[in-house]
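Remarks on the structure that follows.
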Amino acid sequence: MQKRLIALLVITPLLLSSQLSTSHAAAKAGAKCSKVGSKSVVGAKTFTCIKSGTKLIWDKGVKTTATTKQSVQLVSYANMKKSMLPRPVKNLFRYHYSPNAVNAYKEKIESELNFSMEYWTSVYDGTELFNVFYGTEKDLEWLISAWKTYDLDKYGYTAREYKGRLEREGNQLNAGSVPSQDGPSHLSFFRSSTRSIQPDSMIPHENVHIVQQQLTKSRTDQMPCWLREGTASLFGIFQTTEKYGLRVYDEAKRSEMNAYQGGSTEIRKFSDSQWFTHLKSLEGNFSGGCDFKNRFAYGAGLLLSEVLMADSGFEKMMEFWRAFSLEVDWRQSFKNIYGVELDIWYKTKGIPHVMSEYARIKRY
Ligand SMILES: [Zn+2]
Numbered sequence: 203m204q205k206r207l208i209a210l211l212v213i214t215p216l217l218l219s220s221q222l223s224t225s226h227a228a229a230k231a232g233a234k235c236s237k238v239g240s241k242s243v244v245g246a247k248t249f250t251c252i253k254s255g256t257k258l259i260w261d262k263g264v265k266t267t268a269t270t271k272q273s274v275q276l277v278s279y280a281n282m283k284k285s286m287l288p289r290p291v292k293n294l295f296r297y298h299y300s301p302n303a304v305n306a307y308k309e310k311i312e313s314e315l316n317f318s319m320e321y322w323t324s325v326y327d328g329t330e331l332f333n334v335f336y337g338t339e340k341d342l343e344w345l346i347s348a349w350k351t352y353d354l355d356k357y358g359y360t361a362r363e364y365k366g367r368l369e370r371e372g373n374q375l376n377a378g379s380v381p382s383q384d385g386p387s388h389l390s391f392f393r394s395s396t397r398s399i400q401p402d403s404m405i406p407h408e409n410v411h412i413v414q415q416q417l418t419k420s421r422t423d424q425m426p427c428w429l430r431e432g433t434a435s436l437f438g439i440f441q442t443t444e445k446y447g448l449r450v451y452d453e454a455k456r457s458e459m460n461a462y463q464g465g466s467t468e469i470r471k472f473s474d475s476q477w478f479t480h481l482k483s484l485e486g487n488f489s490g491g492c493d494f495k496n497r498f499a500y501g502a503g504l505l506l507s508e509v510l511m512a513d514s515g516f517e518k519m520m521e522f523w524r525a526f527s528l529e530v531d532w533r534q535s536f537k538n539i540y541g542v543e544l545d546i547w548y549k550t551k552g553i554p555h556v557m558s559e560y561a562r563i564k565r566y
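Going from the sequence shown to this note's numbering is simple: count from 1 and add 202.
Written out as structure tokens, the structure is:
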């Protein structure tokens with residue numbers, strides 16, 4: 203019994219793959235097909251050719267199996283694990299705390315930044331201590347003057363952003379950022395002193411932006427939002443998962459994918475061409491930052507980053523980040539590094555994964 207089962211499991215994938223249609227005409231429910239039992243994958247669905255009366259037509263299609271979809275996530279994870287080996291690091295930060303700063307959060311910042319940097323020793327080569335500021339809701343003026351000491355936030359952009367966050371979020375305030383700017387940046391936290399402290403991937407995520415800032419030579423503002431935020435989320439969740447266990451990855455991924463508020467129903471109905479239009483709209487940087495369109499860049503960006511990580515690995519990703527330091531259009535860099543036109547990659551690799559994951563992972 204046991205043996206038979208194993209044999210069947212081995213044979214089934216072969217049967218499935220031999221039945222996949224090689225025809226280039228895209229299958230559509232009810233359209234003509236030529237061979238009973240042949241299959242065709244379009245977007246997130248697999249169509250099967252069936253006999254209906256005397257005619258052969260494509261059936262309604264079923265959502266592509268979970269195993270196929272999960273494999274991108276698993277391979278992506280395995281590739282990070284293989285290339286990002288944690289090694290001890292010396293302190294790389296200079297910490298600045300407001301008078302009201304909460305001790306438990308100070309400790310969290312220092313231990314998680316240190317933990318996060320251990321994974322980046324093969325690429326991070328910053329020699330200056332990186333400035334980290336942390337203030338509570340009572341300390342915006344303190345933050346502004348502390349930044350001034352280091353000639354940071356010259357145009358008051360972060361000050362304005364944080365002021366808006368304080369007004370909108372009140373006692374749930376939880377802002378952290380590494381602003382894209384010329385020259386040295388900073389990591390700042392502006393956080394409600396009464397908000398509870400939970401395990402999350404925020405600090406590892408922000409730390410990724412520090413590495414990006416270093417590798418792009420302060421040109422993270424040239425990165426498309428889906429890449430800047432998507433890879434920050436990918437590596438941030440990876441490191442948090444390494445710390446707390448695999449279950450965390452699925453939860454964090456689901457949360458990012460559903461964070462496109464109100465749109466979680468809407469995007470689940472997107473056709474591949476609607477996805478294409480939306481991904482193109484995430485290639486810029488926006489006056490409202492990459493939170494543009496209710497954090498859309500995070501969910502879709504995480505999925506696109508998973509595909510790049512699964513197919514081409516960590517070193518290529520680093521090469522791609524570094525390419526933003528050059529005076530070369532990033533779409534050209536993408537083609538040079540990944541060997542495919544960006545728009546073709548969206549259509550053949552990126553969008554099918556985005557669609558199949560939104561079909562697999564439930565909304566809240
Ligand atoms: Zn971010």
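We put the beta carbon where it would ideally sit given N, CA and C, even for glycine.
Original post:
In chain order, which beta strand (DSSP E) runs of at least 3 residues are fully inside the region 298 to 384?
Top reply: 332 to 338, 376 to 379
Original post:
Which residues in the same chain as T224 place their Cβ atom closer than 6 Å to its Cβ, once the five residues preceding and following it in sequence are excluded?
Top reply: Note that T224 has pLDDT 36, beneath the 50 cutoff, so the model's placement of it is unreliable and the number below is only indicative. So no residue of the chain qualifies.
Original post:
Taking the DSSP output, what are the residues bridged to V244?
Top reply: K247
Original post:
So, is Q414 buried or exposed, given that buried needs 16 or more other C-beta atoms within 10 angstroms?
Top reply: buried
Subject >> Near ligand 1: E431 beta-carbon under 6 Å from a heavy atom >> reply: yes
Original post:
When the Cα of A361 is compared with those of L345, R370, E369, which residue comes out closest?
Top reply: L345
Original post:
Between which two residues does the alpha helix (DSSP H) containing S236 stretch?
Top reply: No alpha helix (DSSP H) contains S236, which DSSP labels as neither H nor E.
**OP:** Count the C-beta pairs between the region 301 to 318 and the region 396 to 409 that are closer than 8 Å, then say yes if the count reaches three, no if not.
**Re:** yes
Original post:
Does DSSP classify V264 as helix, strand or coil?
Top reply: strand
Subject >> Endpoints, beta strand (DSSP E) assigned at S398 >> reply: Careful: S398 lies outside any beta strand (DSSP E) and carries neither H nor E.
Original post:
Quick one: what does DSSP say F522 is sitting in, helix, strand or coil?
Top reply: helix
Original post:
What is the rounded straight-line gap between the Cα of I563 and the Cα of S394?
Top reply: 32 Å
Original post:
In three-state DSSP terms, what is F472?
Top reply: coil
Subject >> Same chain, Cβ closer than 8 Å to N434, five either side skipped, listed in chain order >> reply: Here residue 434 is Ala; the residue named in the question, Asn, does not match the sequence. Result list for A434: H407, E408, V410, H411, Q414, in chain order.
**OP:** Give the secondary structure of K419 by DSSP, where H, G and I count as helix, E and B as strand, and everything else as coil.
**Re:** coil
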